[in-house]
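In case it helps, mature numbering (1 follows the signal peptide of the UniProt record, and there is no 0) puts the sequence shown at residues -17 to -1, 1 to 1216. Note that CB positions come from ideal geometry on N, CA and C, so glycine has one too. All of these numbers come straight from a predicted model, not from anything done at the bench. Structure record follows, encoded as structure tokens.
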Amino acid sequence: MLVITLLLMMWASMARMHELPVHYPPCFFNPLCTCSKAMPDLGRVACYSVPMPRIPQAINSSKMYMLQLENNGLRFLQPQYLMNTGLYQLQIKHNPLADIPEEAFLGLERSLSMLDLSYNQLANIPSKSFRHLQKLEVLELTGNKISRIVPKNWRGLENSLQTLRLGKNAIEKLPADAFVSLTYLEILDLRENSLKEIDPSVFRDGMAHLTHFYLNDNQLTYVPYIQLFSLKRMKVLDLSYNKISKMLHAQQEPEVRGIQMSLDVLQLDYNQIKTLASGDFQHFYKVNRTYLRGNPLMTIEEGTFKDSRIRELYLSDCDLLEINSANLAGLESSLELLDVSGNNITMLPNRLFQEFDLLHTLIFRENRINTFSPTEVFSGFQYLYNLDLSGKQNGMISLQDLRQMRNLRFLSISRMPQAILSANDFLEFGMDIKELRIINSNLNTIKNHAFMHVGYSLLTLRMSHGLSSSISEIPNRPFKSLRNLQHLDLSNNKIRSLSATSFHFLNRIKRIELQDNEIDSILKGTFQGEIHSTLEEINFAFNQVRDLQTHTFIDLSALMTINLEDNTIERIERRAFINMNRLKYINLRGNKIRDITDEAFQNLPDLEFLDLAYNNLNEFDFASFDQVGTLSSFKVNVSHNEISRLWVNSTSFTPSSVVGGNVQSNIKVLDLSYNNISDIAKYYFKPVEYSLTHLYLSNNQLRNITQDVFGNMAHLQWLDLRHNELIEIYFDCLKNTNNLQVLLFSWNEITDIPAETLRSLKKLRIVDLSHNKLRTLPDNMFTDSDIESLDLSHNQFTRLPVKSMSVTSTANLANLDMSWNILSGIHTTDTIFRLRVTGIIGLWFFEENEVTVTVNSDRLSSRLVHLDRMNLMADLLIILFSLKRKLLYLGLSNISLLSIPELPLRRLQTLNLAYNGLASISPEMSSNLTSLHYLDLSYNDLTVVPLITHTLPELKTFNLANNPITAITNTSFLGVADSLEELDIRKLSLSIFERHRHESIFLGRSTLQSYQTPQTIHYCMNSVRIKIRFTEHIIFVIGVRNPHLHFSLYNTSVAIVPREIFRNAQRVRNVTVEIRNSDIRSLHNPSSSYKPGVPGQRFLMKLRLADSHINCDCDIGWIEIWQRKHRQYQEDQCISYDEFHNFEREEVDEFNCWDNGWDDDIRETFCLNKNNVSLSNLLKTELECGWAMASTIELNTIFLSQQRSCRSLSHYYNQGSEGIFGTWCTTRFLIGS
């Protein structure tokens, strides 16, 4: 676990280097953290992805305004460690915290206003830890494992708490008066739980200040009018992603008669509403914004909206066939916005909106409107501001037919009757038009004065995929009129060239997008500082630019981002990038760069990130940078190149005998991983000796390290040499690198480490020496350092290296991993004594067996104890009894247990008893395990489901796989039926399987002759996995009711995934596909649409294929076009457009505006039939195929899983499904073994 945690932290800090916080300088207590101010008041303190097994003591001796601890590996908060900080805001997120000590926040009673504990592993609300926080206004508990709340949880917060977030937990019901004590609560978030209903007693006394209530993504089947009526001040109610089929059920009517609510926002997106009946909104006096997106809505009866006073109505992605005045009757005096995009509307009646005087926004995007007359439909309609008629299947629209709408500010169209854009098209247009989109069109001519009538008002012009292939050069003359244009998008066309004067008339331009064209050169003078003084972003990604000449980008004072990703650039000339004081990001990833001349990058003081990964560089010369990154935390990524040797350019450096050199660089983070580096010349790093803080050299071929290379880096804090061929480590190799904190030497061939190597590193905290050939460590190696984490796993140790560190040096040791060695055990009193002062220690002994002991805090107060794969020793059992009040995790797997010893561990949450010989479990055992959440009894000799489950009220995960159990009945899981979320019953000898209800089930069968999933699993599962093996052709149907489907294939021999696997998922809009560790050879196109949001069609949002070896032919060629479409439509979300609101990025999603991760995934996919060349390179050079070439084939092995909202390493969040499971659940389908 320690190794995984460290790897995740390193991935977060290295793979997305540009996301690291760079706004503030390093902190005095740990330079890997940032502080906005110096001592004594540190201001805002942020420690993102900094390995930190415990909170540093120095934090408690400093004042600060905010402390952010995210992805640090924290398992425990020390009591009273924040009492002197005076914190106003505290965030501790994405850490493996299972509980919070009662005195964790002591001392913050009168200062702490915001406490964020989201995305940890809390199983209960740690109410005792925060009940004394008198000023607490915001409490964040999102993304934990909380299943139960009680009114007393909020004791002490009654007069202060204003925001409470409990989303993404496992709460099934709300008790009476659950929140009534929170008098001043304004925001209550219960999204993504398992609530089936809201009891009327929950809010019976009302909550006087509650304004925002989020119940989305639960299992509600009706609108809870009576339950919410007492919330008089509620303005925002979110009921989206539930199972609501009607706005008003007949049985509700007697109870809710006379009830009326007034809301600002009502969200009912993606429910199961098919019909809106007359009077459905009678219980809403006013709803300013009503969202009904994504429902299977076909009919809106007259009188539905009578007296409802809706201002904005969103009906996108439904099944509407028509829209008329009768549908909208009652909204004439209030409706301002109508969105019916993504439906099946074929016509618009004349004078449709004649009575709607306030209507200013109409969105008809992606319908099937064949023909209509704008002059008739919009007759007398003078006050429309925003009109969207775009879409491939919408009819042709003449711009002149819209000329009467003189107040238009936004206009988006696709098809036009003619392929020529001229000045006459905009004749009589008003002066208010700000944004014009002509997308998915086929313009072949743009006249010279086409924009003359709208030139002074137009701020944004988007023609993405809007030009015919006959337009090969940017027509610069039409842009002369666009004097105020700020955003120009000509991406995804067939433009091959641009003249040097193409943008010379755009003197107020801020953003130019030309990605996904065929441009082969950028001429000197195209961008000029005097003209383009406001230009902030240039995007030339995915073109065919071959080189960058001198002064290509010069004197652009406002420019912040240059994206040249995935061109064919081979050489960067001297001063290609020069004199840009605000430039922060240059992306040159995925080119063919072999040569970067001296001073290619000059006077770029604010540059934060230069990405040169995935090129053909065979050397890296610091002389290429002159005054670059002097005012920032400059990061350079040169990973995945062809560098075999790091050598010193003799023209740039003085002889090695002379102190100093001619070249000085300001690089702070340098990534040279994934090259072929076998040799580093002496003094190579001399130009960065006084600037470098992070150095990544993993996955190379280094055999030794010497002082002349690494020994003089005064500020280096992180050194990564994993996955090399290191054999010899010189005693003085790190002699003067005194600030090193993190040292990673794993996966090498190291047999010995000299005692002097690490002795001088007094600030060393994290050391990973795993996967080497070490037999021992020198005595007193860590005498002067405060080691917090030491990983020695997968070596050849025969004894614990206790003499390598003194008692005082282990005072802060929190993790010690000795797994997979050849230790015989803990033998001496001295050994135990040395471990007593530690925080959390993990000791693994391997001798055909393995043992794990984990001891925590003062004098054997442990939280994790694993005694896996060995014979239990009496002294270790004694340790267990001494830990009964502290222990949270206990592993007793594979130790030949025939019976379970007494375990009086009332706080224990996880118990692993797998791979033993247990034939029965005593029911009395459960009386001492009342807090147990996870129980693993797999691979034992149980013949019946043990009765222990009847008395484990908190059990969430239960594993019974691979036992000789023959029957599962309706009474097998009594007692845990209400709490159980995950049940694993794979590979049982079942002959009887009765219907029953569980939250989650993992099922693998070999003896049952007949099985119907919908009849057995008729309730919303948290996770369903079915393993099926077959040799004949099958018809495999996935019926999904939610727009989000995640499909994974892993650990299988399946060779082809056909389109038919997705074809019946009719409600799916957003598909993500993940293939890993499989023999996949072809993946047919899961998409059925050219873009997101097309009615009744699917679009692939994410694809994970890394490390796959596939056959690169036209069955896989669709990926190139999909990538282009993905960039065109998905990356728009980086700006302010709301077009794809149904496909919003999930929280904590790694796909963001600067992220290259999804493109890298294609780079790391290889072509089996093309000498294992990268799929990304092949798509750019050889493979030219259509959008949907894949044909129908058969599957051989299938492993299916459906899983409710949960976070995996790839952070996918899912919503709901219906089909073969006959229910409405989160949808994750996994094929694997």
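With a threshold of 16 other CB atoms inside 10 Å of the CB of residue i, please say whether the residue is buried or exposed.
{"i": "G325", "result": "buried"}
{"i": "V631", "result": "buried"}
{"i": "S164", "result": "buried"}
{"i": "K226", "result": "buried"}
{"i": "D340", "result": "exposed"}
{"i": "D967", "result": "buried"}
{"i": "D188", "result": "exposed"}
{"i": "K756", "result": "exposed"}
{"i": "K618", "result": "buried"}
{"i": "M414", "result": "exposed"}
{"i": "S112", "result": "buried"}
{"i": "I931", "result": "buried"}
Verify whether the separation of the beta carbon atoms of residue i and residue j is less than 8 Å.
{"i": "L246", "j": "R216", "result": "no"}
{"i": "D530", "j": "R554", "result": "yes"}
{"i": "L1032", "j": "V1040", "result": "yes"}
{"i": "M230", "j": "L259", "result": "yes"}
{"i": "I492", "j": "H515", "result": "yes"}
{"i": "S373", "j": "N423", "result": "yes"}
{"i": "L345", "j": "L367", "result": "yes"}
{"i": "F905", "j": "E937", "result": "Looking at the sequence shown, residue 905 is not Phe but Ser. Taking 8 Å as the Cβ cut-off, S905 and E937 do not qualify as a contacting pair."}
{"i": "I1063", "j": "I1102", "result": "no"}
{"i": "I561", "j": "V528", "result": "no"}
{"i": "L442", "j": "L471", "result": "no"}
{"i": "L542", "j": "R565", "result": "yes"}
{"i": "L95", "j": "L116", "result": "yes"}
{"i": "L91", "j": "L70", "result": "yes"}
{"i": "K430", "j": "S455", "result": "no"}
Just grab the DSSP bridge partners of residue i for me.
{"i": "T443", "result": "E418 and H470"}
{"i": "M97", "result": "Q72 and V121"}
{"i": "E711", "result": "N687"}
{"i": "residue 1226", "result": "Residue 1226 lies beyond the stretch modelled for the chain, which goes from -17 to 1216, so this question has no answer here."}
{"i": "V163", "result": "BP columns for V163 are empty, so no partner."}
{"i": "L678", "result": "L653 and L702"}
{"i": "S553", "result": "Ser is not the amino acid found at residue 553; the sequence shown has Glu there. In DSSP, E553 forms no bridge with anything."}
{"i": "L394", "result": "L370 and L419"}
{"i": "Q585", "result": "I561 and D609"}
{"i": "I931", "result": "Answer is none; I931 lacks a bridge partner."}
{"i": "C16", "result": "In DSSP, C16 forms no bridge with anything."}
{"i": "C1095", "result": "C1095 pairs with nothing; no bridge assigned."}
{"i": "S622", "result": "BP columns for S622 are empty, so no partner."}
{"i": "Y197", "result": "D172 and D221"}
State the CB to CB distance for the pair residue i and residue j, rounded to an integer number of angstroms; the pair is presumed to be in contact (CB under 8 Å).
{"i": "D715", "j": "Q690", "result": "4 Å"}
{"i": "R392", "j": "K417", "result": "5 Å"}
{"i": "R748", "j": "S729", "result": "Rounded, the Cβ-Cβ distance is 16 Å, inconsistent with contact."}
{"i": "L709", "j": "R686", "result": "6 Å"}
{"i": "A402", "j": "N369", "result": "Not a contact, Cβ separation roughly 26 Å."}
{"i": "N103", "j": "I129", "result": "Not really, about 10 Å apart at Cβ, beyond 8 Å."}
{"i": "N707", "j": "D654", "result": "Actually they do not touch by this definition, with Cβ atoms about 15 Å apart."}
{"i": "P1026", "j": "N1053", "result": "5 Å"}
{"i": "L394", "j": "L419", "result": "6 Å"}
{"i": "G56", "j": "P36", "result": "6 Å"}
{"i": "S44", "j": "N13", "result": "Contact flag wrong, Cβ pair sits at about 13 Å."}
{"i": "R1081", "j": "S1065", "result": "The pair is not a contact, with the Cβ atoms about 19 Å apart (cut-off 8 Å)."}
Report yes if the C-beta of residue i is less than 7 Å from at least one heavy atom of the ligand GTP; otherwise report no.
{"i": "I293", "result": "The ligand GTP is not part of the structure shown, which contains no ligands of any sort."}
Handout entry: Three or more C-beta pairs below 8 Å linking the segment 283 to 300 and the segment 1039 to 1047
Key = no
Practice task
Spell out a yes or no on whether the segment 262 to 278 and the segment 238 to 245 are touching, meaning 3 or more CB-CB pairs, one atom from each, closer than 8 Å.
Solution key: yes
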